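Sequence order for the protein chains is W and Z.
At position 48 of the first sequence (counting the first as 1) the number is 98 in my numbering, and the numbers step up by one without a gap.
At position 99 of the second sequence (counting the first as 1) the number is 646 in my numbering, and the numbers step up by one without a gap.
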Amino acid sequence: DQQVKQNSPSLSVQEGRISILNCDYTNSMFDYFLWYKKYPAEGPTFLISISSIKDKNEDGRFTVFLNKSAKHLSLHIVPSQPGDSAVYFCAASINAGNNRKLIWGLGTSLAVNP
Amino acid sequence: DTAVSQTPKYLVTQMGNDKSIKCEQNLGHDTMYWYKQDSKKFLKIMFSYNNKELIINETVPNRFSPKSPDKAHLNLHINSLELGDSAVYFCASSLGHRGYGYTFGSGTRLTVV
């Protein structure tokens, strides 16, 4: 039962263009969403996040949009650079008793071509 | 001066053996985690420790036993290894168990033959 879904396993874009990575979720109790980036043979690194009370968060070339009614979020990278080529994981945070849990998507592999 | 370091990076072992993976963080974080990424690329939490206390224990076989001697270390011991244990294991840490702001180690690729 995948609560966080990234339906595109891979995406290829041209350098300088926009990359749009999508993520859908099913649990309306998620209250914080994060994007992580992962290079081969390395652990994921935090990229950008958004609280469920917002609909947009921007950090340099990276913008995350949240549509709560559609239970959908997206990560926009503009302009895309070859160094952005990596696997991008969407994750959602939820209260679990006294703790919090992160539920992860399967990732989307982005290739930015020079 | 790696923030979260895990050893070994690669581990190949036979079925039935017992092995340990070590993790150390120098970030001053008080919460540490073990994640498993299986062949289908699912990243799934296994355990979480806050100030040496177990706070999350997902449905993991009891052949897996985490040990946290102090806040900076969380080791994972696996008994009677099985083929299905082959995966990449990631250690992570955070300040507080807020569910975000993790720093991950670079992973340990375990192959059971």
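Ideal Cβ positions, reconstructed from N, Cα and C, are used throughout, including at glycine.
Fair warning: this is a prediction, and the values are worked out from it, not measured in the lab.
- Message: For a contact defined as C-beta to C-beta under 8 Å, what are the partners of residue 154/W on chain Z?
- Response: Within 8 Å Cβ-Cβ: 589, 590 and 591.
- Query: Within the 8 Å Cβ cut-off, does residue 95/W reach chain Z?
  - Reply: Judged by the 8 Å Cβ criterion, residue 95/W is in contact with chain Z.
- Exposure label - residue 655/Z; buried when at least 16 CB within 10 Å: Flag for residue 655/Z reads buried.
- May I ask whether a heavy atom of the ligand MN can be found less than 7 Å away from the beta carbon of residue 117/W? Summarising the ligand content, the structure contains no ligands, and the ligand MN is consequently not present.
- Query: Would you call the stretch 56 to 64 of chain W and the stretch 97 to 117 of chain W touching, i.e. three or more CB-CB distances under 8 Å?
  - Reply: They do not touch, by the three-pair rule.
- Message: According to DSSP, simplified to helix, strand and coil, what is residue 565/Z?
- Response: In this structure, residue 565/Z counts as coil in the three-state DSSP scheme.
- Are the C-beta atoms of residue 106/W and some chain B residue less than 8 Å apart? The chain labelled as chain B is not found among the protein chains of the depicted structure, namely W and Z.
- Kindly say whether residue 110/W, judged by its beta-carbon, lies nearer than 8 Å to any beta-carbon of chain Z. Output row for residue 110/W: interface = no.
- In angstroms, rounded to a whole number, what distance separates the CA positions of residue 570/Z and residue 554/Z? Taking the straight line from one Cα to the other gives about 7 Å.
- Task: Please name the residue in 550/Z, 552/Z, 551/Z and 564/Z whose C-alpha comes closest to that of residue 661/Z.
- Result: Because chain Z spans 548 through 660 in this model, residue 661/Z falls outside it and cannot be assessed.
- Task: Taking all protein chains shown into account, decide if residue 609/Z is buried (16 or more other Cβ within 10 angstroms of its Cβ) or exposed.
- Result: Exposed, because fewer than 16 other Cβ atoms sit within 10 Å of the Cβ of residue 609/Z.
- Task: Decide if the stretch 620 to 635 of chain Z is in contact with the stretch 579 to 587 of chain Z; the criterion is three or more beta carbon pairs, one per stretch, under 8 Å apart.
- Result: Yes: the two stretches touch, three or more of their Cβ pairs being nearer than 8 Å.
- Item | Per-residue burial, residue 164/W [other beta carbons within 10 Å of its own, 16 or more giving buried] | A residue is called buried when at least 16 other Cβ atoms come within 10 angstroms of its Cβ; residue 164/W does not meet this threshold and is exposed.
- Roughly how many angstroms lie between the CA atoms of residue 126/W and residue 107/W, to the nearest whole one? The C-alpha of residue 107/W is placed about 10 Å away from the C-alpha of residue 126/W.
- Can you tell which of 67/W, 56/W, 101/W and 52/W has the C-alpha that lies nearest to the C-alpha of residue 81/W? Among 67/W, 56/W, 101/W and 52/W, the Cα nearest to that of residue 81/W is on 101/W.
- Looking only at DSSP bridge pairs, what is residue 579/Z linked to? Paired residues: 596/Z and 640/Z.
- Output yes or no for whether 8 Å exceeds the beta carbon distance between residue 141/W and residue 155/W. Judged by their CB atoms, residue 141/W and residue 155/W are nearer to each other than the 8 Å cut-off.
- Message: Would residue 54/W and residue 144/W qualify as a contact pair, given that the criterion is a beta-carbon distance under 8 Å?
- Response: Taking 8 Å as the Cβ cut-off, residue 54/W and residue 144/W do not qualify as a contacting pair.
- Query: So, does the CB of residue 611/Z fall closer than 8 Å to a CB anywhere in chain W?
  - Reply: With its beta carbon at least 8 Å from every one in chain W, residue 611/Z lies outside the interface.
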